[in-house]
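*Asks:* This note's numbering applies: residue -15 is where the sequence shown begins, and numbers increase by one.
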Amino acid sequence: MKHTLHLLSITAAGAGLLFACGGDVAPAAPTGAPPCGVGEPGSPAPASTPTTPGEPPTASIPPGGDGVSTGQSGALGFDPRPKGIFTGPPSCADGPLCQGVDCCDSPVVPGGAFAMGRGLTGPDALAAGYANEVPEHPASLSSFRLDTFEVTVGRFRQFVRAYTGPPEAGAGAHPKWKASGWSDKWNVEMPKDGTQFLEFAGDFDCGTDFKSWTKEVGPNENLPMTCVTWYDAFAFCAWDGGRLPTEAEWEYAAAGGSENRMFPWDGVSLTREHASYECLSDGDPACDVADMPPVGSKPAGNGRWGQRDMAGGAFEWTMDWFDEAWYVGEGRDCKDCINLKRPDSDLKVFRGGDFKDSAELLRAAVRLYSPPTFRADNVGFRCARPVRR
Ligand SMILES: [Ca+2]
Ligand SMILES: [Ca+2]
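(1) Go through its chain and collect everything with a Cβ distance to residue 164's Cβ below 7 Å, but skip five positions before and after it.
(2) Report yes if the C-beta of residue 317 is less than 7 Å from at least one heavy atom of ligand 1; otherwise report no.
(3) How is residue 266 classed by DSSP in three states: helix, strand or coil?
(4) Leaving out five residues before and five after residue 149 in sequence, what residues of the same chain have Cβ atoms less than 7 Å from its Cβ?
(5) Hey, is residue 262 close to ligand 2, as in C-beta under 7 Å from one of its heavy atoms?
(6) If the criterion is Cβ atoms closer than 8 Å, does the pair residue 260 and residue 250 meet it?
(7) Counting along the chain, where does the alpha helix (DSSP H) carrying residue 144 start and finish?
(8) Return the first residue and the last residue of the beta strand (DSSP E) that residue 352 is part of.
(9) What residues in its chain sit with their C-beta under 7 Å from that of residue 87, if we drop five residues either side in the sequence?
(10) Can you find a heavy atom of ligand 2 that lies under 7 Å from the Cβ of residue 189?
(11) I'd like to check one pair, residue 347 with residue 247: are the Cβ atoms closer than 8 Å?
(12) Would residue 369 and residue 212 qualify as a contact pair, given that the criterion is a beta-carbon distance under 8 Å?
(13) Report the CB separation of residue 206 from residue 198 in whole angstroms; it is logged as a contact under 8 Å.
(14) Does the count of Cβ pairs from the segment 107 to 124 and the segment 208 to 227 closer than 8 Å reach three?
(15) Should residue 104 be labelled buried (16 or more other beta-carbon atoms within 10 Å of its own) or exposed?
(16) Using the rule of at least 16 other Cβ atoms within 10 Å of the residue's Cβ for burial, across every protein chain shown, is residue 319 buried or exposed?
(17) Across which residues does DSSP place residue 122 in a beta bridge pair?
(18) Taking the alpha-carbon positions, what's the residue 317 to residue 201 distance?
(19) Tell me the rounded alpha-carbon separation between residue 307 and residue 335.
(20) Within its chain, find whatever has a CB closer than 7 Å to the CB of residue 237; leave out the 5 residues flanking it on each side and keep chain order.
(21) Using only the alpha-carbon positions, how far apart do residue -10 and residue 243 sit?
(22) Are there 16 or more other CB atoms within 10 angstroms of the CB of residue 245, so buried, or fewer, so exposed?
(23) Please report the straight-line C-alpha distance between residue 84 and residue 90, rounded to a whole angstrom.
(24) On the DSSP letters alone, give me the boundaries of the beta strand (DSSP E) that residue 334 sits inside.
(25) Check for me: the beta strand (DSSP E) holding residue 304 runs from which residue to which?
(26) Assuming residue 332 contacts residue 166 (C-beta within less than 8 Å), just tell me the rounded distance between them.
(27) Just to confirm before moving on: does the CB-CB distance between residue 299 and residue 226 stay below 8 Å?
(28) Measuring CA to CA, which of 147, 168, 160 is closest to residue 180?
(29) Would you mind giving the Cβ-Cβ distance between residue 262 and residue 340, rounded to the nearest angstrom? I have them listed as a contact below 8 Å.
(30) Could you tell me whether the Cβ atoms of residue 125 and residue 106 are closer together than 8 Å?
(31) Measure the Cβ-Cβ separation of residue 337 and residue 280 and say whether it is below 8 Å.
(32) Using a threshold of 8 Å, state whether the C-beta atoms of residue 142 and residue 74 are closer than that.
(33) Check whether the Cβ of residue 100 sits closer than 7 Å to any heavy atom of ligand 1, and report yes or no.
(34) Mind checking residue 195: buried by the 16 CB within 10 Å criterion, or exposed?
(35) Thinking just about the alpha-carbon of each residue, which of 362, 257, 349 is nearest to the one in residue 239?
(36) Do you know how far the Cα of residue 254 is from the Cα of residue 267?
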């Protein structure tokens, strides 16, 4: 049942990872490969062909046998809160529960130092890997909160309902980097008001079988919200009292900080109990919507500070622009670092693997990227928040 790391037989050649069209992410596209026509605001990405699942587990587990229903309602539920006194994240004003936990639960990730990137020795070492993951280099971070769960369809619905326009300039900034906040230049990437949101976003439909958004409240409320642009994700987190995590924060939380883990959980064994990946979640080798489980469905894969689905589920947008040479350039000695320089390549980083792609992408050190206007059926996000609320 365990996936051994022979799946990680990826090459270190070339530029590492590039995006592919409409939801697939694939390694080893040549440097400079043209964007996939996803740069137009409001235009849904073209249909994708799901990545071919890897080899299935050798042990047979009946669908739903691990507590993950083949349906998608998951642990839907609400914890009604008195109106008027709720001061938490507005996306959780109605008290949604994810696996019986507040969907806006956001544990503190204590600051510290860690070895960012893939090591040549140590717990996260791997003979083969992507060139942009190395060299491993020192990073130190201040404490922050990171949401336990990926943002759900239900929480995003609250944002759409409340939406009146793009964020204020400066909103959603990292506390150490004022310039990391929303820029008025990005307003064109968001609808002018709430009446246009769904049309502007192409109904969050990436044209595949894996659409999580529904126009009306339904069984998908606890699925990860996907097919969102980086701007959507940034604006949501700013509205919800938080911000996007930096790439360094994301990896720190996924690697267990100084424990420098290969995967978010403490160990290198990998089964479908740890993460949803390679369309294995429903125990059936076919790749279908039942392989996109509700957020938090894989508690065996929880990170050191309780975050779930840091590996698998949906890829997660981070705040940083992607720079192939960041680890040997300005980011090589990272202190609460963030890459705010918009490169010519115009790419933002997302992290963590997803429900349908291969196990090799689940490692904490793996970096993927695409234009911020990209919408993919396997890319979502979670928010970071200040320690003091
Ligand atoms: Ca590392
Ligand atoms: Ca994830």
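Just so it is clear, CB atoms sit at the ideal spot from N, CA and C, and this is done for glycine as well.
*Replies:* On the basis of the coordinates in this document:
(1) Contacts found: 157, 158, 303, 322, 324.
(2) For ligand 1, not one heavy atom lies less than 7 Å from the Cβ of residue 317.
(3) Note: residue 266 maps to coil in three-state DSSP.
(4) Closer than 7 Å at Cβ, skipping near neighbours: 176, 177.
(5) Not under cutoff, so the answer is no.
(6) No, Cβ-Cβ distance for residue 260 and residue 250 is not below 8 Å.
(7) Start and end: 137 to 146.
(8) Segment 352 to 354, the beta strand (DSSP E) holding residue 352.
(9) Within the same chain, residue 87 has close Cβ partners 76, 80, 81, 133, 136, 139.
(10) Residue 189 Cβ: outside cutoff for every heavy atom of ligand 2.
(11) It is a contact, given that the beta carbons lie within the stated cut-off.
(12) Residue 212 sits away from residue 369, with the two beta carbons spaced by 8 Å or more.
(13) Between residue 198 and residue 206 the Cβ distance is about 12 Å, and since that is not below 8 Å, they are no contact.
(14) Verdict: no, contact absent.
(15) With fewer than 16 other Cβ atoms within 10 Å, it is exposed.
(16) Its Cβ having fewer than 16 others within 10 Å, residue 319 is exposed.
(17) DSSP, once it has assigned bridges, lists 99 as partnering residue 122.
(18) When rounded, the distance between both Cα atoms is 46 Å.
(19) About 14 Å.
(20) A distance below 7 Å between beta-carbons, with the five flanking residues on each side excluded, links residue 237 to the following residues of its chain, in chain order: 93, 130, 287, 289, 291, 294.
(21) Because residue -10 sits at a pLDDT of 34, beneath the cut-off of 50, its placement in the model cannot be relied upon, and the point is left open.
(22) With 16 or more other Cβ atoms from the protein chains shown falling within 10 Å of its own Cβ, residue 245 counts as buried.
(23) Residue 84 and residue 90 have their C-alpha atoms spaced approximately 14 Å apart.
(24) Annotation for residue 334: the continuous beta strand (DSSP E) segment containing it runs 332 to 335.
(25) Where residue 304 is concerned, the enclosing beta strand (DSSP E) starts and stops at 299 to 305.
(26) The C-beta distance from residue 332 to residue 166 rounds to 14 Å, too long to meet the 8 Å contact threshold.
(27) No; because the gap between Cβ atoms is not below 8 Å, this pair is not in contact.
(28) Measuring from the Cα of residue 180, the nearest candidate turns out to be 147.
(29) Contact check for residue 262 and residue 340: beta-carbon distance about 7 Å, within the 8 Å limit, so the pair qualifies.
(30) No; because the gap between Cβ atoms is not below 8 Å, this pair is not in contact.
(31) Contact: no.
(32) Their beta carbons are under 8 Å apart, which means residue 142 touches residue 74 by this criterion.
(33) At least one heavy atom of ligand 1 lies less than 7 Å from the C-beta of residue 100.
(34) Residue 195 counts as buried, since at least 16 other C-beta atoms from the protein chains shown sit within 10 angstroms of its C-beta.
(35) Of the candidates 362, 257, 349, the one whose C-alpha sits nearest the C-alpha of residue 239 is 349.
(36) Taking the straight line joining both Cα atoms gives about 15 Å.
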